[in-house]
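To start, the structure itself, in structure tokens.
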Amino acid sequence: MINTREPILHPVPIDDLRPTQVTVGMREVEAKRKEWRAKADDKGAEFLGKHMIPVILGPKDRHYVIDHHHLARALHEEGVRDVLITAVADLRRVERDSFWFVLDNRGWTHPFDDQGRRCGYDDIPKTVKELVDDPFRSLAGELRRLGGYAKDTTPFSEFLWADFLRRRLKRKAVEADFGGAVEQALHLAKSEEADYLPGWCGAVTR
29 MINTREPILH PVPIDDLRPT QVTVGMREVE AKRKEWRAKA DDKGAEFLGK HMIPVILGPK
89 DRHYVIDHHH LARALHEEGV RDVLITAVAD LRRVERDSFW FVLDNRGWTH PFDDQGRRCG
149 YDDIPKTVKE LVDDPFRSLA GELRRLGGYA KDTTPFSEFL WADFLRRRLK RKAVEADFGG
209 AVEQALHLAK SEEADYLPGW CGAVTR
């Protein structure tokens, strides 16, 4: 088993990458697409070299993405065929059922749908193009960029914030007025209700 990240220097087709989560925030994907378009012509190769996709090597020699799902989806949408990857662990000898259990135990998978409900492992999409939009994940990403909470190493921390916001805001309201939802999210993020979340930046009053 690989204990340190090892780059795989030959390109891997994006269509061959296996997600380990069900959703992405499509606003986040669109932001990544704009970032890529700004650099594709002159610095595309350099960009891809600096943004290798971290994966777990799994059964049947498949590559399971454990981060940068938004970037992978964005590059796919932009017509990029291949990316460079970094192997975080080699679990190719592990049986399939045990494989997903190991991923779950290590915090390498997030099997929850766009309603925040736990899914079966078989519900996880087989390709990045099948990832489902969760507007609350986009809201959580924008909230962090605006200083609502700090970047944190907790696995899937943005999804924890997304679920916090999901329980307090209506999806239709987020989709109809994203800017207004961001303002509400900034207020909620500083409240003591959110003090258990990773990267919380509110004031301690007790």
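To convert, count from 1 in the sequence shown and add 28; that's my numbering.
Virtual Cβ for every residue (Gly too), placed ideally from N, Cα, C.
Close beta carbons around residue i, own chain, < 8 Å, minus the five adjacent residues each side
i	result
A201	G208 and A209
L159	P47, Q49, V50, T51, V52, H97, R101 and P153
G135	P183 and F184
R165	T51, V52, G53, E56, E186, F187 and A190
Alpha-carbon spacing of residue i relative to residue j, whole angstroms
i	j	result
W189	P163	12 Å
Y224	R101	30 Å
T114	R124	21 Å
K71	L167	29 Å
F206	L171	11 Å
D132	R120	16 Å
I152	D95	15 Å
A204	L112	37 Å
H138	T48	6 Å
S219	V83	36 Å
E186	D69	31 Å
G176	R196	16 Å
G86	V122	7 Å
L174	A222	16 Å
D141	V156	15 Å
V116	D191	27 Å
M80	E63	15 Å
R146	C229	28 Å
The beta strand (DSSP E) enclosing residue i, as first and last residue numbers
i	result
A117	D110 to D118
V83	I81 to G86
Neighbourhood of residue i by C-beta, 7 Å cutoff - its chain only, sequence neighbours within 5 removed
i	result
R61	A102, E105 and E106
P39	D110, V111 and L112
Boundaries (first-last residue) of the alpha helix (DSSP H) holding residue i
i	result
R90	Premise fails: R90 lies in the beta strand (DSSP E), R90 to V93, not in any alpha helix (DSSP H).
K67	M54 to K78
W189	S185 to R194
K157	From DSSP, K157 is part of no alpha helix (DSSP H); its letter is neither H nor E.
K200	R199 to A204
E105	H97 to E105
S126	R124 to N133
Cβ-based neighbour list, residue i, same chain, cut-off 6 Å, excluding 5 preceding and 5 following
i	result
F180	For the record, residue 180 in the displayed sequence is Asp; it is not Phe. If we look at D180 and ignore the five residues flanking it on each side, its Cβ neighbours are P226 and G227.
K67	F75
A213	L167, L171 and L193
The ligand MG heavy atom lying under 7 Å from the CB of residue i
i	result
L159	Looking for the ligand MG in the displayed structure turns up nothing, as the structure carries no ligands at all.
Tell me, please, whether the region 51-60 touches the region 122-134 by the rule of three or more beta-carbon pairs shorter than 8 Å. Output reads no: the region 122-134 does not touch the region 51-60.
For the region 85-95 against the region 42-53, are there 3 or more C-beta pairs whose distance is under 8 Å? Note that the region 85-95 touches the region 42-53; at least 3 beta-carbon pairs, one per stretch, sit closer than 8 Å.
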